[in-house]
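*Asks:* Position one of the sequence shown corresponds to residue 1 (the UniProt record's numbering), numbered consecutively onward. Here a beta-carbon is modelled for each residue, glycine too, at the ideal position from N, C-alpha and C.
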Amino acid sequence: MIKILRHLKWYVVLGVVLAVSGSMIGCEYFPESTFELASESRLPKWVTLPPELTRANSSLTLNYYVVPRRRAKFILRDKNERILNKENGKMGCRAPFELENPPQGFPSGYPAYEAITVNDITEIIEHRKMEPIFYVTDDPVVWKQYESMGC
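1) According to DSSP, is Val136 part of a helix, a strand, or is it coil?
2) Spatial neighbours of Asn119 within its chain, please: CB distance less than 6 Å, with the 5 preceding and 5 following residues excluded, ordered by chain position.
3) Is it buried or exposed, Ala115, if we count other Cβ atoms within 10 angstroms and call 16 or more buried?
4) Could you tell me which uninterrupted beta strand (DSSP E) segments, each at least 3 residues in length, are contained entirely in the stretch 61 to 111, listed from first to last along the chain?
5) Is DSSP giving Val47 helix, strand or coil here?
6) Given a threshold of 16 other Cβ atoms within 10 Å of its Cβ, counted over all protein chains shown, does Phe74 qualify as buried or as exposed?
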């Protein structure tokens with residue numbers, strides 16, 4: 001009986017170690033959240049569409065990852081969902097930010113903004129509500145607050 005308990009303890013320890021390791025590794029490869037660029041939003045400046053594509057027959061996906069560090073990945077696809085390009089982005093701040101004086105008509109906590117840099121070009125991503133959609137913003141009020149934050 002004691003022999004069985006000793007073996008069982010090792011299996012439990014091994015199972016816990018594998019579960020923790022797997023969850024840490026899994027978080028690095030699976031996004032925390034995924035968003036699609038709104039059809040009425042412009043493309044980020046670092047995205048260049050091939051000549052045969054238009055904004056209407058392409059899509060841009062944004063994936064956020066939080067482990068082991070905050071980062072973003074943008075995936076450009078054609079209308080057949082074929083991946084054309086992937087770009088990794090660095091998150092400019094420790095967390096999303098909101099305007100000090102948020103506009104009326106938005107849910108609490110929104111709009112929320114993320115500054116993301118790809119190829120030395122920073123864009124501010126806007127999330128207007130809890131939905132799988134994002135926008136690229138040029139709002140000077142948002143940019144002014146971002147620059148004053150010193151992220």
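*Replies:* Result, derived from the coordinates:
1) Collapsing the DSSP output to three states places Val136 in a strand.
2) Trp46
3) Flag for Ala115 reads buried.
4) 71 to 78, 83 to 91
5) coil
6) Phe74 counts as buried, since no fewer than 16 other beta carbons sit within 10 angstroms of its beta carbon.
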